[in-house]
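Participant: One structure coming up, written as structure tokens, with questions to follow.
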Amino acid sequence: MRCLSLQFVWALVQDPHFQEMRTPYTDPFLQKFNMGYQNYAQGEWQVARNLLMKTHTMLRDKDGPSEALLRFMEKPHQFK
Numbered sequence: 418m419r420c421l422s423l424q425f426v427w428a429l430v431q432d433p434h435f436q437e438m439r440t441p442y443t444d445p446f447l448q449k450f451n452m453g454y455q456n457y458a459q460g461e462w463q464v465a466r467n468l469l470m471k472t473h474t475m476l477r478d479k480d481g482p483s484e485a486l487l488r489f490m491e492k493p494h495q496f497k
């Protein structure tokens, strides 16, 4: 099963449509988004917010995942 998964990923990465779709996502964008997400996941929301506010506007269009995380962090939460 794992071999099938790796074959699928390899085929996807080689697909020209997939490559074209990924073009706007530069290494600097992905690095900053990943840092923002990691801070979000670790509960460092102020740091995450600062990073995700940058990634939200780094692309030609606003980044949906950045926007969704920013919106989630705006709401008051009472986690137990």
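In this note's numbering, the protein residues as written are 418 to 497. Each residue gets a CB set at the ideal place from its N, CA and C atoms; glycine is no exception. Keep in mind that this is a model prediction, so the values were computed, not measured.
#1: Could you tell me if Gly-453 is buried or exposed, where buried requires 16 or more neighbouring beta carbons within 10 angstroms of its beta carbon?
#2: With distances taken from CA atoms, which of Met-475, Gln-436, Pro-482, Phe-425 is nearest Tyr-457?
#3: In chain order, what residues of the same chain lie with their CB nearer than 8 Å to the CB of Lys-479, ignoring the 5 residues before and after it?
#4: Could you tell me how far apart the beta carbons of Pro-441 and Arg-477 are, in whole angstroms, since I believe they sit closer than 8 Å?
Facilitator: Taking the coordinates as given:
#1: buried
#2: Pro-482
#3: His-473
#4: 6 Å
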